Amino acid sequence: DTAVSQTPKYLVTQMGNDKSIKCEQNLGHDTMYWYKQDSKKFLKIMFSYNNKELIINETVPNRFSPKSPDKAHLNLHINSLELGDSAVYFCASSQGSREEPEAFFGQGTRLTVV
Amino acid sequence: GQSLEQPSEVTAVEGAIVQINCTYQTSGFYGLSWYQQHDGGAPTFLSYNALDGLEETGRFSSFLSRSDSYGYLLLQELQMKDSASYFCALTGGFKTIFGAGTRLFVKA
Numbered sequence: 001d002t003a004v005s006q007t008p009k010y011l012v013t014q015m016g017n018d019k020s021i022k023c024e025q026n027l028g029h030d031t032m033y034w035y036k037q038d039s040k041k042f043l044k045i046m047f048s049y050n051n052k053e054l055i056i057n058e059t060v061p062n063r064f065s066p067k068s069p070d071k072a073h074l075n076l077h078i079n080s081l082e083l084g085d086s087a088v089y090f091c092a093s094s095q096g097s098r099e100e101p102e103a104f105f106g107q108g109t110r111l112t113v114v
Numbered sequence: 115g116q117s118l119e120q121p122s123e124v125t126a127v128e129g130a131i132v133q134i135n136c137t138y139q140t141s142g143f144y145g146l147s148w149y150q151q152h153d154g155g156a157p158t159f160l161s162y163n164a165l166d167g168l169e170e171t172g173r174f175s176s177f178l179s180r181s182d183s184y185g186y187l188l189l190q191e192l193q194m195k196d197s198a199s200y201f202c203a204l205t206g207g208f209k210t211i212f213g214a215g216t217r218l219f220v221k222a
């Protein structure tokens, strides 16, 4: 019973295309995130949502548009893909509280732009 | 802003003890967490310090000193399966900010 699931696991696409990554969590968490992990394994936060509301947008190009239809889902749509977008994208969720700080991560989506 | 620094690589022998240090700069946070990530896998939570002092979870311990803006992860009785990347992270206010990660190599 997967806690945080994201699809697809692998995505290979050409420059200029538009693609989406889906994420769902069944942990009942209020907060969900998107992280980008580059080839040097640096994990950079992109977006944070709490109860479907955007809380944090860490200077991400507006080609990236997250959407949260409900607090269990946070999808990521990327327009006009560029070579530099190639990375592993992780969805995560947490309670976002001092008492329960643990973030649970999905398996990751390895995006390759060619 | 918030930033964290940790060594890029550490190598140790199976059965040994290794300490991974983390220093940070922040204007406020709930606590310091540690995550483990194996190649090709997702980060998984290891430990959390909200207060100063030592937290022990099996072979892993984590320490925090807020006055020194410093923490560490201590891994005891190293096993080959401990070879992975370890990230310290600041948690607070609907976000978790990660350090660049320390790659731990465990040798037989």
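Top line first, the protein sequences correspond to chains F and V. The opening position of the first sequence corresponds to residue 1 in our numbering, with each subsequent residue numbered one higher. The opening position of the second sequence corresponds to residue 115 in our numbering, with each subsequent residue numbered one higher. We put the CB at the ideal spot given by N, CA and C, even for glycine. Every value quoted in this text rests on a predicted model; they were computed, and no experiment measured them.
Which chain V residues sit within Cβ distance under 9 Å of residue i?
{"i": "residue 82 (chain F)", "result": "The premise fails here: residue 82 (chain F) is roughly 23 Å from chain V at the closest Cβ pair, so nothing lies under 9 Å."}
For the beta strand (DSSP E) that residue i lies in, which residues bound it at each end?
{"i": "residue 70 (chain F)", "result": "64–70"}
{"i": "residue 87 (chain F)", "result": "87–94"}
{"i": "residue 76 (chain F)", "result": "73–78"}
{"i": "residue 117 (chain V)", "result": "117–119"}
{"i": "residue 143 (chain V)", "result": "Element bounds for residue 143 (chain V): n/a, residue is neither H nor E."}
Starting from residue i, find everything on chain F with Cβ-Cβ shorter than 9 Å and list it in chain order.
{"i": "residue 181 (chain V)", "result": "What residue 181 (chain V) touches in chain F: nothing, since even the nearest Cβ is about 19 Å away."}
{"i": "residue 147 (chain V)", "result": "101, 102, 103"}
Tell me the DSSP secondary structure of residue i in three-state form.
{"i": "residue 209 (chain V)", "result": "coil"}
{"i": "residue 15 (chain F)", "result": "coil"}
{"i": "residue 116 (chain F)", "result": "The structure shown does not extend to residue 116 (chain F), since chain F is modelled only from 1 to 114, so the question has no answer here."}
{"i": "residue 9 (chain F)", "result": "coil"}
{"i": "residue 195 (chain V)", "result": "helix"}
Which residues in chain V have a C-beta closer than 7 Å to the C-beta of residue i? List them in chain order.
{"i": "residue 68 (chain F)", "result": "Ordered by position in chain V, no residue passes the 7 Å Cβ test against residue 68 (chain F), which lies about 13 Å from the chain."}
{"i": "residue 41 (chain F)", "result": "199, 215"}
Just mark residue i as buried or exposed, buried being the case when its beta carbon has 16 or more other beta carbons within 10 Å.
{"i": "residue 161 (chain V)", "result": "buried"}
{"i": "residue 6 (chain F)", "result": "buried"}
{"i": "residue 66 (chain F)", "result": "buried"}
{"i": "residue 10 (chain F)", "result": "exposed"}
{"i": "residue 115 (chain V)", "result": "exposed"}
So with CB distances below 8 Å, who are the chain V contacts of residue i?
{"i": "residue 63 (chain F)", "result": "None at all; the shortest Cβ gap to chain V is about 21 Å."}
Since residue i contacts residue j with CB under 8 Å, what's their CB separation in whole angstroms?
{"i": "residue 200 (chain V)", "j": "residue 137 (chain V)", "result": "Contact flag wrong, Cβ pair sits at about 15 Å."}
{"i": "residue 38 (chain F)", "j": "residue 87 (chain F)", "result": "5 Å"}
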